Structures are given as structure tokens and as C-alpha cells.
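This report concerns only the one structure given below.
In the numbering used here, the protein residues as written are 50 to 352.
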């Protein structure tokens with residue numbers, strides 16, 4: 050039987066499948082379907098320094114082969130997470146990753162400082178957030194801003210640090226190198242692509258926020274391309290995500306260069322998708338006579 054375990058920045062995962070932030074909340078609802086130990090890890094709902102109510106509805110809309118969302122980082126705040134959600138998560142026998150968001154560098158750093166003293170295993174930094182001190186420009190859209198936020202957080206982060214990259218940039222490889230240069234232990238990508246839908250009867254945007262983040266199978270080829278580019282640009286681990294729905298998608302993403310993968314939107318259409326992906330991945334490795342899932346990483350032949 051093939052070995053599914055992987056190591057990311059010194060943290061061991063029983064398999065390379067991680068629940069993507071925002072799609073599994075803090076895991077309680079999905080624990081009614083199966084033990085959360087089916088995941089190698091869980092990236093929790095994006096956590097901010099203080100409680101956020103999120104955007105007004107409607108804030109989710111279906112698209113062909115995917116969905117748009119502009120939930121607005123609704124969450125109870127970092128202190129509530131540490132006190133009420135983390136103790137339960139620690140009992141679920143899986144790696145716990147805290148996803149952190151913020152509007153200023155100070156917000157990020159204070160949230161990370163609090164999490165660094167908790168029992169979480171890793172921190173994933175969501176840099177697709179508007180920097181209010183820079184007129185709402187996202188932290189993750191330039192090499193300079195990515196380097197600056199990574200450096201600031203690295204200085205106060207005592208846990209392995211993953212930087213989650215936005216695809217809404219012109220050169221994803223340079224962005225990844227900027228994160229690596231300032232101390233990122235790993236990168237994860239891609240976050241959602243910016244999209245928009247219009248109701249042709251009312252002539253109004255379908256989502257109250259006007260635009261939202263697009264995810265689902267439609268973005269998968271873009272994600273594969275970007276993971277491949279980043280894998281060839283950095284030496285730190287790469288966690289691939291974006292439209293992974295089946296075990297075949299998982300294999301493809303690993304071959305593109307991912308050391309591990311995240312499953313997100315697929316959880317909404319089929320809560321059991323991670324179970325099926327793990328089983329299919331194991332069967333594929335056994336069929337091909339491959340001893341470890343780690344052998345798939347970056348194995349695409351492009352020459």
C-alpha cells in the first residue's frame with residue numbers, strides 16, 4: 050500500500066489533502082459526515098483580530114462550473130477562535146492551520162502573535178485582503194507589498210508560516226519568490242479569481258458586493274498553470290488548490306508541483322469528496338507501482 054504521508058515545513062500530514070479555508074468553517078458540521086482525521090489537515094475559516102459580521106447578502110452565487118462568493122470574512126475573531134473552537138479542533142486528530150486575514154499590517158501581526166501562543170500547528174496568511182492604509186489595494190498584488198507583509202509577520206510568528214497567494218496578479222512566480230525571500234515556510238495557491246455576475250432582469254449585480262471570488266472546477270487549469278510556475282520559482286513547499294474535484298485532479302495538481310493540496314468548493318457539492326479523493330489517490334499509486342505520494346510532486350514532463 051502506497052505511503053500518503055507528506056511533510057510541510059516540518060509538520061507531518063497523514064495524507065496530502067487539506068480542507069481549504071472558508072469552505073469547512075471550523076469543521077463541526079463536516080464532523081457529522083465523517084471523522085475529520087480523513088483530512089491530512091484543516092485550514093480554518095479566515096480569522097481576524099476582531100469579530101467580523103461579513104458582507105450583506107446576497108453574497109454567494111452559482112456560476113457555470115463554480116461559484117462566486119463575497120462572504121466578507123465573517124468570523125468570531127481570534128480570541129473566540131482560540132477559546133471556543135481550537136480546543137475542539139485539537140481533539141480531531143488532524144493538522145490544524147489557522148488562516149489569518151487583516152486590513153492593516155498591525156492587525157495581521159497582533160492576530161499572529163496571539164495564535165503563536167496557542168496550540169495551532171501552522172499559520173496560513175491570506176494576503177488577498179485590502180490594505181486600508183494603501184487605499185484598499187490588496188497586500189498580495191505586488192512583490193513589494195507581499196515582501197513587506199511577510200517580513201512583518203515572520204518577525205512575530207512562532208509557527209510555520211504559509212503565504213496564500215492571490216491569482217489576480219501578472220507574475221505569480223515573482224510574488225512567490227518575494228514571499229520566500231522574507232521567510233515564508235511554504236506558499237499556497239491559488240486563492241479565488243475575481244469575478245462578477247449580472248441579473249439581466251434587474252440589471253443589477255447578483256452579489257451585493259458587486260464582485261466576488263470565483264472558485265470551482267472552472268478555475269482548475271489556471272491553478273495548475275500557476276502551481277507549475279511557482280514550483281519552478283521557489284524551493285519551499287507548495288500547496289496547490291483551485292477547482293480540485295476528483296482524485297485525477299489531485300494527481301494532476303501534484304504532478305504540476307504541489308507537495309499537498311487543498312479541497313474547497315468540492316465540499317459543497319459533495320461533502321464526501323475528500324474521502325473519495327484519498328481512496329482514488331491511493332489506488333492510483335498502487336496501480337502504478339508508486340511507493341509514495343511524494344514521488345508525484347513536480348513529476349510532469351514538459352520537455
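Where is the CB? At the ideal position from N, CA and C, for every residue including glycine.
Being a predicted model, the structure only gives us computed values, none of them experimental.
1. Compare the beta carbon distance of residue 341 and residue 58 with 9 Å and say whether it is the shorter of the two.
2. Taking residue 222 as the reference, give the member of 298, 281 and 334 with the closest Cα.
3. What separation, rounded to the nearest whole angstrom, lies between the Cα atoms of residue 309 and residue 102?
4. Assuming the contact rule is C-beta atoms closer than 8 Å, residue 209 and residue 171 should be a hit. Round their C-beta distance to whole Å, please.
5. Does the count of Cβ pairs from the stretch 306-323 and the stretch 82-91 closer than 8 Å reach three?
6. So for residue 166, helix, strand or coil by DSSP?
7. According to DSSP, is residue 245 helix, strand or coil?
8. Looking at residue 255: is its Cβ nearer than 9 Å to the Cβ of residue 117?
9. Check the DSSP bridge columns for residue 211 and list the partner residues they point to.
10. Quick check: does the Cβ of residue 311 come within less than 8 Å of any heavy atom belonging to the ligand GDP?
11. Spatial neighbours of residue 92 within its chain, please: C-beta separation below 7 Å, excluding the five flanking residues on both sides.
12. What are the partner residues of residue 92, as DSSP defines its beta bridges?
13. How should residue 177 be labelled, buried or exposed, when 16 other C-beta atoms within 10 angstroms of its C-beta is the threshold for buried?
14. Is it true that the CB of residue 236 sits closer than 9 Å to the CB of residue 259?
15. Could you say if the stretch 274-290 and the stretch 219-234 meet the contact criterion of at least three C-beta pairs nearer than 8 Å?
16. Just how far apart, CA to CA, sit residue 296 and residue 303?
17. Give me the Cβ distance between residue 97 and residue 74, rounded to the nearest whole Å; I'm assuming they're in contact under 8 Å.
18. Assuming residue 112 contacts residue 315 under a Cβ cut-off of 8 Å, what Cβ separation, rounded to an integer in Å, is found between them?
19. How close, in whole Å, do the beta carbons of residue 214 and residue 240 come, if the pair is a contact with beta carbons under 8 Å?
20. Excluding sequence positions up to five away, which residues of its chain have a Cβ less than 6 Å from the Cβ of residue 152?
21. With 16 other CB atoms within 10 Å as the buried threshold, where does residue 293 fall?
22. Buried or exposed: which applies to residue 83, given that a residue is buried once 16 or more other Cβ atoms fall within 10 Å of its Cβ?
23. Using beta carbons (cut-off 9 Å, strictly below), is residue 119 in contact with chain D?
24. What are the boundary residues of the beta strand (DSSP E) that includes residue 111?
25. What first and last residue would you give for the beta strand (DSSP E) that runs through residue 56?
26. When DSSP builds the beta bridges, which residues end up paired with residue 341?
On the basis of the supplied data:
1. For the 9 Å CB-CB criterion, residue 341 and residue 58 do not form a contact.
2. Taking only the C-alpha atoms, the option nearest residue 222 is 281.
3. Distance between residue 309 and residue 102, taken at the CA atoms: about 31 Å.
4. At roughly 5 Å, the Cβ-Cβ gap stays under 8 Å, so residue 209 and residue 171 are in contact.
5. Segments in contact, yes.
6. In the three-state reduction of the DSSP assignment, residue 166 falls in the coil class.
7. The three-state reading of DSSP puts residue 245 in coil, since its state is none of H, G, I, E or B.
8. Cβ distance < 9 Å, so residue 255 and residue 117 count as in contact.
9. Per DSSP, 173 and 235.
10. For the structure depicted, the ligand GDP is absent and the ligand set is empty, with no information on it obtainable.
11. Within the same chain, residue 92 has close Cβ partners 67, 68, 69, 70, 146, 148, 173 and 311.
12. Under DSSP, residue 92 shares a beta bridge with 146.
13. The residue is buried, with at least 16 neighbouring Cβ atoms inside 10 Å.
14. Contact flag unset, no.
15. Touching, per the Cβ criterion.
16. In a straight line, the C-alpha of residue 296 is about 11 Å away from that of residue 303.
17. Taking a contact as a CB-CB distance under 8 Å, the pair residue 97 and residue 74 does not count as one, their CB atoms being some 15 Å apart.
18. Going by Cβ atoms, the distance from residue 112 to residue 315 rounds to 15 Å, so no, they are not a contact pair.
19. Right, their Cβ atoms sit about 7 Å apart.
20. 181.
21. Answer is buried; the Cβ neighbour count reaches 16.
22. Answer is exposed; the Cβ neighbour count stays below 16.
23. Here chain D cannot be found, since the structure has a single protein chain.
24. 109-112 is the extent of the beta strand (DSSP E) around residue 111.
25. For residue 56, the enclosing beta strand (DSSP E) covers residues 55-57.
26. Answer is 52.
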